[in-house]
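What follows is a single structure, written as structure tokens, with notes after it.
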Ligand code: SF4
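Below, the structure is given as structure tokens:
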């Protein structure tokens, strides 16, 4: 991690090993190869002054000893699989010659080139229109299933979570406050924050009624409230909540960080 950022505790477990403290050369062998990242802005991945073929071929040859022709063939195939037509022609284009949705497809194709064990996607479809978003979600989900790639999809969009995820972790102020299989968490949320989030989504059943809101603002991570970080906004807060809640498992396959979950 670049200075002044530093890991001061905890573990990052990947395939049974802890990545904290792993030497940089070993991390370089994992990055882009076994673990890939898709950013919200594809220009974080793509170099604006290099053609797409150069970028994809370099990505493959950084981790594998294959000829340029073989790397080119694999790049073309992957562009086709992610829904880019005339892939041979598009390989010769520069990033600025693609639309936003197409650029994001290219960065997803690059992430999938090595059939990684894990892809971390940080709001990758937020900037795209809904039709393109659903096409990309469909393609990514299909390809991850075909290649047995695990996918961590970071998003604020509950509809995307409902359609895409098997399990969900709800985060508040930097900590997971509830986790479990997606349907039970969305249907019967236990944590007051999850409940507030889901309650604030517009639905047909409440037509004409004011939309419920979670009062207050997310606190600064530099100045967190004492005890439970959700306490100043929580309708269930009491004196117990002046302590920091631990994670408990009040229901099968469900974890929650709260003294008074909705059970
Ligand atoms: S611990 Fe208390 S303040 Fe925090 S979410 Fe639960 S009830 Fe609310």
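In my numbering, the protein residues as written are 54 to 316.
Quick reminder that beta carbons are idealized off the backbone N, C-alpha and C, glycines included.
Assuming residue i contacts residue j under a Cβ cut-off of 8 Å, what Cβ separation, rounded to an integer in Å, is found between them?
i, j, result
"residue 137", "residue 158", "6 Å"
"residue 85", "residue 107", "Not quite, the Cβ-Cβ distance comes to about 15 Å (not below 8 Å), so this is no contact."
"residue 231", "residue 309", "5 Å"
What are the start and end residues of the beta strand (DSSP E) that includes residue i?
i, result
"residue 120", "Note, residue 120: premise wrong, no beta strand (DSSP E); not H, not E."
"residue 221", "220-225"
"residue 231", "228-234"
"residue 89", "88-91"
"residue 179", "Here residue 179 belongs to no beta strand (DSSP E), and DSSP marks it neither H nor E."
"residue 303", "301-304"
"residue 308", "307-309"
"residue 146", "Taken as a continuous stretch (DSSP letters only), residue 146 belongs to no beta strand (DSSP E), as it is neither H nor E."
"residue 203", "203-207"
Go through its chain and collect everything with a Cβ distance to residue i's Cβ below 8 Å, but skip five positions before and after it.
i, result
"residue 114", "121 and 124"
"residue 162", "109, 128, 131, 132, 134, 135 and 137"
"residue 228", "282 and 310"
Considering only residues of the same chain and omitting the five flanking positions on each side of residue i, which have a CB-CB separation below 6 Å?
i, result
"residue 307", "233"
"residue 281", "294 and 298"
"residue 164", "89, 91 and 172"
What does a CB cutoff of less than 7 Å around residue i pick up in its chain, not counting 5 residues either side in sequence?
i, result
"residue 254", "211"
"residue 296", "280"
Which residues bound the alpha helix (DSSP H) around residue i?
i, result
"residue 274", "Where residue 274 is concerned, there is no enclosing alpha helix (DSSP H), given that its DSSP letter is neither H nor E."
"residue 316", "Per DSSP, residue 316 belongs to no alpha helix (DSSP H) and is neither H nor E."
Q) Given 8 Å as the limit, is there contact between the stretch 198-209 and the stretch 169-188, that is, 3 or more CB pairs closer than that? A) Result yes; three or more Cβ-Cβ pairs closer than 8 Å.
Q: Report yes or no: do three or more beta-carbon pairs, one from the stretch 188-197 and one from the stretch 219-233, lie closer than 8 Å?
A: Here the stretch 188-197 does not lie against the stretch 219-233, with fewer than 3 beta-carbon pairs under 8 Å apart.
Q) Pairing CB atoms from the stretch 90-105 with CB atoms from the stretch 150-164, are three or more of them under 8 Å? A) yes
(Q) For the pair the stretch 305-316 and the stretch 236-251, tell me if three or more CB-CB distances fall below 8 Å. (A) yes
**Q.** Residues passing the C-beta test against the ligand SF4 heavy atoms, cut-off 5 Å
**A.** Those satisfying the condition are, in chain order, 245, 281, 283, 284, 287, 289, 290, 294, 298, 311, 312 and 313.
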